[in-house]
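Residue numbers (the working numbering): 149 to 216. Okay, structure first, notes after.
Structure below.
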């Protein structure tokens, strides 16, 4: 939550990316990301649509810039 709060304070939410390397209890990897979205949305006081943006758009931009 500290990283999210700091990114919000300095106006750099676009720099926050979500990822996981932990195994999901159900064996489905996206479940870890969904849990992180729910955590940030509920405890981080972040609207759900912005939490999804951190997990999708921000992460996709970061991965595409590495691949280029």
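We put the beta carbon where it would ideally sit given N, CA and C, even for glycine.
Confirm, please, whether the CB-CB distance from residue j to residue i is below 8 Å.
| i | j | result |
| --- | --- | --- |
| residue 164 | residue 202 | yes |
| residue 214 | residue 199 | no |
| residue 194 | residue 152 | yes |
What are the boundary residues of the alpha helix (DSSP H) that includes residue i?
| i | result |
| --- | --- |
| residue 197 | 196–201 |
| residue 183 | 178–191 |
| residue 156 | 150–157 |
With distances taken from CA atoms, which of the options is nearest residue i?
| i | options | result |
| --- | --- | --- |
| residue 169 | 197, 181, 205 | 181 |
| residue 209 | 157, 179, 162, 150 | 162 |
| residue 178 | 157, 149, 211, 204 | 204 |
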